[in-house]
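Worksheet: one structure, shown below.
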Amino acid sequence: MSCVPPTEKELRKQITIRGLAQVGNISGIKKSFNRHLHFTLVKDRNVATQRDYFFALAHTIKDHLVGRWIRTQQYYYEKDPKRIYYISLEFYMGRTLANTMVNLGIQNACDEAMYQLGLDIEELEEVEEDAGLGNGGLGRLAACFLDSMATLGLAAYGYGIRYDYGIFTQKISNGWQIEEPDDWLRYGNPWEKSRPEYMLPVNFYGRVEHNEKGAKWVDTQLVFALPFDNPIPGYANNTVNTLRLWSAKAPNSFNLKFFNSGEYIQAVCDRNLAENISRVLYPNDNVFEGKELRLKQEYFLVAATLQDVVRRYKSSKFGCPDAVRTSFDTFPDKVAIQLNDTHPSLAIPELMRILIDIERLQWDKAWDICVKTCAYTNHTVLPEALERWPVSLLSNLLPRHLEIMYEINSRFLTEVAKKYPGDGERIKRMSIVEEGHEKKINMAHLSIIGSHAVNGVAAIHSDIIKTTTFKDFHDMFPTRFQNKTNGITPRRWLLLCNPGLSDVIADKIGEGWITDLFKLKELTKFIGDQNFLREIMRVKQENKMKLAAYLEKHQNVKVNTASIFDIQVKRIHEYKRQLLNVLHVIYLYNKIKKNPNAKFVPRTVMIGGKAAPGYHMAKLIIKLINAVGNVVNNDPIIGDRLKVVFLENYRVSLAEKIMPAADLSEQISTAGTEASGTGNMKFQLNGGLTIGTLDGANVEMSEEMGSENIFIFGMTVDQVEKLKGRYNPNDFIEKIPELKQILEQIRNNYFCSHEPGLFTDIYNTLAHSDHYMLCADFESYIKAQAKVEDVFKNANEWAKKCVYNIAASGKFSSDRTISEYARQIWGVEPSDIKLPPPGEGEQQGEEEED
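Following the UniProt record's numbering, the numbering of the sequence shown begins with 1 at its first residue and continues without gaps.
Next comes the structure, spelled out in C-alpha cells:
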C-alpha cells in the first residue's frame, strides 16, 4: 500500500457532527474513568489491562445514560402513552460502546479524554464482545428498530432472551467451518442491569382442570424468568428506552423424596435443566427446528413478557393515582404487541389464557382485545422456515395453550364456513391444525388469525404473501395485510461506521440527514462537482485500505486495493446463491488462464457468512469457496488480478468494517426467495453499487435510485414461477460452454485434487436438480458482471453512480419503517420532543415503578 490510511480516531476528529451539546467535559470524563478504574474495577494503572480500561470507559459512558434512562421511564409513567412491545427471539445488537457515544454526542470528548490518558480508544472498542443474540437479518433488524424507536421518542420496549451463548464463533480450519461457543458473557456485560425484584414465574407441563369457574392449569413445573435491562439511547434526544432480556432460573424447591446427600447433590445439579432454556441461541436461519427446547424458549419469552406487560398496564397511575387499572377495556389503547416472525406467536394463546383463566373475561371480549393488541411480521416465504409444532409436543408441554388454540381454530373455521359455504378444501387449507401423518399446529395461521395487522418486509414480499403464501387469509381479511419495507439505522450504518463519508456529506448538506435520511437526496445537486466526486472516492479508497490492512493482520492475506472489492456477506444458504458467485470466480479464473496477456479489471471477491451447523450443503459451499480461493490465490499467472477471500466469523462488528469498503454488493438470491434483505441497504448507504436480482428490497432500491445505477440480472418472480415444474438445468449447461467447463472442473476434482469426489454433491445439485436455478441465471449474471467491469474502468461514471446510490438511501432508514409501523399498525405518533438532560449531579435517582 502506497500510504497509510487515517485511523478511525483521526477521521472522527475531522467530524463536527455530533448534534447533542457535550455532556460533561473532557476532564470530567477522565475523572470518572479513573474513579471507575479504582472503585468499580479495583485496579490502578500499574496492573490494569486493556479490558479493564474498556470496562472503565463503558461504566463512564453508562453514567451519562443512567439519568436519561430514569428520566425517560419517569416521563412514560407520568404521561402514560401507548406502549409498544417488540417481542423477538433474536436481537443482534453487536457492540454498544461506540454506538452509545455517538447517540449521546460524547464521542469526541471521550476520544480526547482517552488520548490524554495515553490510551487508544480504537483498541478499547475492539475489546468489547459482540452481543450476538441473533442469526442474521431478523435479529439485526430488531436491533435497528430499537434504535429508531428510541430516536423517534416512542415508548417502546424490546423483549428477548439473554442467551448465555450467542451465535457461534466461526473458525475456518482446512477450508471447513468449525463452530466454537460464543461465551460473550465470560467477562461480564457492563451495559446490563439485573432486576431480580421483577423475576417472574413461568410454567410448563402439568394438566388442565375444568370446573364451573373455568379452566385451571395445575401440577406444572416452575421456572423463573430473571430480567436484565439494557439501555437503548435515542439519537440526540435524551430518550433512553429499554431492552429487557430474560434469563432462566431454577426455583429453590427441590421436591426431594429422601434427604440423603446423593439426592440433594443430584437435585442441585438438575437445576441446570431448567436454566438450559436460556443457555444458547439456536443457530438456524430460515430453517425451522422442532425441538422441545426451542418451544420452551418461545413460551418462556412470551409468558414472562406478557406478565410484565399486564403488570405495567395495571400499575399505570395516569388518571387514577391511588389505584390500579382493573378493567381491560383500554388494553389495546395502551398496549401494542409486535410479533417478530412466528417465534413469539404463543403470545396469542398466552394472552387469551391470562384474560380468560386469570382475569375471568368472557371469550369474545378477550379475543377482541387480543386481536386489537397483537400484530405479526412475516419474514420468509420459504416452506422449510415456517413453524409447525407437533400437537403431541404441545399437549405435553403446554396443555392449556393447546386447548385454547383448538378453540380459536374451531371458532375461526366456523366463520370461514359461513363466508365460503361448502368449500371444504378452503377450510382444510386455512385450519390452524394440520392433519397428516403427524398432527401439527401452523403458527403462521395462528399469528394471522390472532392479529389485526400482518405485514411483509418489502413490497414484492408482501405481494407474494397476499397472492400466494397466505392467499386464502388475504381473501378473508383483505384490510389486515400491509407492507413495511425494512430499514437500517443511519446512526450505526453511516455515522458510526463511516465517519469519513459522514464528514463529506455533512460538509455539503449539513447534519439533518442523521435523523431524516431523505435529506440525502440533496446530494444529487453535486453530481457534476468533480471535487465532490473525488472526495467520495477518496473516502472509499481509504476505507478499502483500512479493510485491506485488517485482512492482512487477521487473515494473513494481501489484496490489491486498486481492485474491485466485490463483497457478499450474509448467512450461507442455497437460496442466497453464494454458489453463483463462486461460479463467476471460476469463470474469471478460466478467462485469465486462457488469455493471460489480455487486459483485465482486477477484482477481489470476498464472501463471508455462517452456515447452520447441521446444514451439509452450506458447509460444503464454504469449503468450495476456500478451495477455489486456494487455487486462484496461489496461481502465479493470476497474480493480484483476482483474489478470493472467505471472511471468517462474519458478525456485526466486522460488517462495520466491510460496508464502507465495498465497491460491489452481491444480492443475488433467486427471485421470490429473499423477503427483503438489509445488508443490501447498508452497502447502498455507504456508496457500494449493487449487482442483484429483482428480489426483496432490491426492487425498491432500483426504483429509488434509477435502474441505470444498479446492475440487475436474472429472472423475475413471474419467470421463475413459469419455469418451475419444467426446469432442466442441462438445457442451460449444454448451451453455455463456459458453464459446462466450470461444472466439469468441479466434478473432476480440479479444486480438490487431494480429496477426490469432495464436491460431488455440489455438482449433482447444480447439474440435476438446481432448485434455486443458478444455471438459468448464469449467463445473465456473467453479462451483468462484465458491465460492472466496464463502468469501474470509468472512475467518474462509477463515482456518480455511488452518489446516486447514497442519495437514494432515504427510504431505507429504519426511522421511516418505524414511523409507518407506529402510524399504521400501532396507532401512535412519533415524537420529536427532546427530554431535558439530567442536571449536574443528577446521574442517580429513584426510578418509578417499571
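From the three backbone atoms N, C-alpha and C, an ideal C-beta is built for every residue, glycine too.
Fewer than three beta-carbon pairs drawn from the region 760 to 770 and the region 781 to 793 are found closer than 8 Å, and the two stretches are therefore not classed as touching. By the criterion of at least three beta-carbon pairs nearer than 8 Å, the region 60 to 78 is not in contact with the region 123 to 138.
Assigned with DSSP and collapsed to three states, residue 681 falls in helix. Distance from residue 302 to residue 245 at the Cβ level is roughly 14 Å; contact not present, criterion being Cβ atoms closer than 8 Å.
For the pair of segments examined, the region 746 to 756 was found not to touch the region 645 to 653: the number of CB pairs separated by less than 8 Å stays below three. Relative to the Cα of residue 34, the nearest Cα in the group 344, 513 and 118 belongs to 118.
Membership of residue 399 in the alpha helix (DSSP H) is indicated by the continuous run 399 to 419. Sequence-distant partners of residue 716 (beyond 5 residues in either direction) whose C-beta falls short of 6 Å from its own C-beta, in its chain, are 671 and 694. If you draw a straight line from the Cα of residue 735 to the Cα of residue 606, it is about 29 Å long. Taking 8 Å as the cut-off, the Cβ atoms of residue 265 and residue 296 do not count as close.
Residue 183 has its alpha-carbon roughly 14 Å from the corresponding atom of residue 649.
Residue 730 sits in a helix when the DSSP states are folded into three classes. In chain order, 135, 136, 285, 609 and 610 place their CB closer than 7 Å to the CB of residue 571, counting only its own chain and leaving out the 5 sequence neighbours on each side.
Going by beta carbons, residue 344 and residue 372 fall outside the 8 Å limit. Contact annotation: the region 472 to 492 touches the region 806 to 825, with at least three C-beta pairs closer than 8 Å. For residue 138, same chain residues with a beta-carbon under 7 Å away, outside a window of 5 residues either side, are 90, 340, 341 and 379 in chain order. Looking from the CA of residue 110, the closest CA among 57, 72, 146 and 95 belongs to 57. Note: residue 451 is not bridge-paired with any residue in the DSSP secondary-structure output. In the structure shown, the three-state DSSP call for residue 159 is strand.
Contact between the region 636 to 647 and the region 590 to 603 is present: 3 or more CB-CB pairs across the two stretches fall below 8 Å. Judged by pairs of C-beta atoms under 8 Å, the region 267 to 276 does not touch the region 167 to 185, as fewer than three such pairs exist. As DSSP reads the structure, residue 606 sits in a beta bridge with 567 and 645. Selection 148, 780 and 115 evaluated against residue 817 yields 148 as nearest (Cα-Cα). Measuring C-alpha to C-alpha distances from residue 622 to each of 573, 657, 84 and 598 identifies 573 as the nearest. If the five residues before and after residue 684 are omitted, its C-beta is found closer than 8 Å to the C-beta atoms of 665, 690, 701, 705, 805, 806, 808, 809 and 812, all from its own chain and listed in chain order.
The region 729 to 759 is shown to contain whole alpha helix (DSSP H) runs of 4 or more residues at 729 to 733 and 737 to 747, in chain order.
Here residue 480 carries a coil assignment [DSSP, helix/strand/coil]. Taking a contact to require three or more Cβ pairs closer than 8 Å, the region 145 to 162 and the region 219 to 239 qualify as touching. 8 Å or more divides the Cβ of residue 28 from the Cβ of residue 88. In its chain, beyond the 5 residues on either side, 384, 385, 612 and 615 have a beta carbon closer than 8 Å to the beta carbon of residue 287. Taking C-beta atoms as the reference points, residue 334 and residue 324 fail to come closer than 8 Å.
For residue 695, the three-state secondary structure derived from DSSP is coil. Cα atoms of residue 202 and residue 212: separation of roughly 25 Å, rounded to the nearest angstrom.
DSSP places residue 587 in no beta strand (DSSP E) but in the uninterrupted alpha helix (DSSP H) bounded by 578 to 594.
Secondary structure note for residue 114: its alpha helix (DSSP H) is the uninterrupted segment 107 to 116. In this structure, DSSP gives residue 393 a helical state, which the three-state scheme calls helix.
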